[in-house]
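To start, the structure under review is shown below, and the notes come after it.
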Amino acid sequence: MKYEDMFHVGIIVPDLESGLKEIANRFGVTFPDPPPTSGADVLVKTAAGEKRAEVIGVYSAEGPPYLEVIRAVPGTPWEAGEGSRIHHLGAFVDDLDDEVARLISEGVELEATLDVGGGMMAVSYMNGPLGIRQELLPGHLREGMLANLRGEGG
699 MKYEDMFHVG
709 IIVPDLESGL
719 KEIANRFGVT
729 FPDPPPTSGA
739 DVLVKTAAGE
749 KRAEVIGVYS
759 AEGPPYLEVI
769 RAVPGTPWEA
779 GEGSRIHHLG
789 AFVDDLDDEV
799 ARLISEGVEL
809 EATLDVGGGM
819 MAVSYMNGPL
829 GIRQELLPGH
839 LREGMLANLR
849 GEGG
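Our numbering applies: residue 699 is where the sequence shown begins, and numbers increase by one.
In structure tokens form, the structure reads like this:
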């Protein structure tokens, strides 16, 4: 991973609407209005097993770096714990499988993956000794996702 590939900071909130409002007021960013009421149905794979979850994440209009606000989902990596709710630093990587393997070889834990079907990883969460979580996304999604965030999506 290269620093310039980092494009967002993920923040977990217990209530999406009030979380978006507070973050917009505090940091001077804007979010879609009204916010989405449904999200992606994903298969989350962790050491504890597999679980289906509906994940709603909303990106700020301003960025990069974008602020991604995620509604908490109990029993998943998106728990809203006590204290800081900064969840991850998200980045695109050229080869997701290779980057995951490299980080594991350096002692970083593969905390969770999101499966888009056929056993293919779409997102990987990596967590190291400092507790700083990385969200790695495959690089082939970069242009489409960033265009969509800029309002250029179709």
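Glycine is no exception: its CB is placed at the ideal position from the N, C-alpha and C atoms. Predicted model, so just to flag it, every value in this text is computed and none were measured.
Q: Below 8 angstroms on the Cβ atoms is my guess for V767 versus L714; work out the distance and round it to an integer in Å.
A: 7 angstroms
Q) Would you call the stretch 699-718 and the stretch 727-734 in contact, with 3 or more CB pairs under 8 angstroms? A) yes
**Q.** Spatial distance of V791 from Y757 (CA atoms)
**A.** Here the alpha carbon of V791 sits roughly 19 angstroms from the alpha carbon of Y757.
Q: Would you give the residue range spanned by the alpha helix (DSSP H) that I721 belongs to?
A: L714 to F725
Q.
Please return the same chain residues whose Cβ sits closer than 6 angstroms to the Cβ of H706, not counting the five positions on each side in sequence.
A. The beta carbon of H706 sits closer than 6 angstroms to those of P763, Y764, E766 and G788, all from its chain and outside the five residues before and after it, given in chain order.
Q.
Short of 7 angstroms in beta carbon distance, which residues of its chain neighbour G837, apart from the five on each side in sequence? Order them along the chain.
A. The answer, listed in chain order, is F790, V791 and D792.
Q | Per-residue DSSP class, three states only, for S803 | A | helix
Q) Residues in its own chain within less than 6 angstroms of R783 by CB, not counting five upstream and five downstream? A) I709 and I710
(Q) With H, G and I counted as helix, E and B as strand and the rest as coil, what does DSSP make of D795? (A) Helix.
Q. Alpha carbon to alpha carbon, what distance is there between L847 and T744?
A. Per the coordinates, the alpha-carbon of T744 lies some 28 angstroms from the alpha-carbon of L847.
Q) What's the gap between the Cα of E777 and the Cα of K749? A) Their Cα atoms are separated by approximately 14 angstroms.
Q | Residues that DSSP places opposite P836 in a beta bridge | A | V791
**Q.** Span of the beta strand (DSSP E), counted from its first residue to its last, around T744
**A.** Where T744 is concerned, the enclosing beta strand (DSSP E) stretches over A738 to T744.
**Q.** 8 angstroms Cβ cutoff met for L794 and L828
**A.** no
(Q) Going by DSSP in three states, L683 sits in which element: helix, strand or coil? (A) Examination of residue 683 is not possible in this model, given that the chain is present from 699 through 852 alone.
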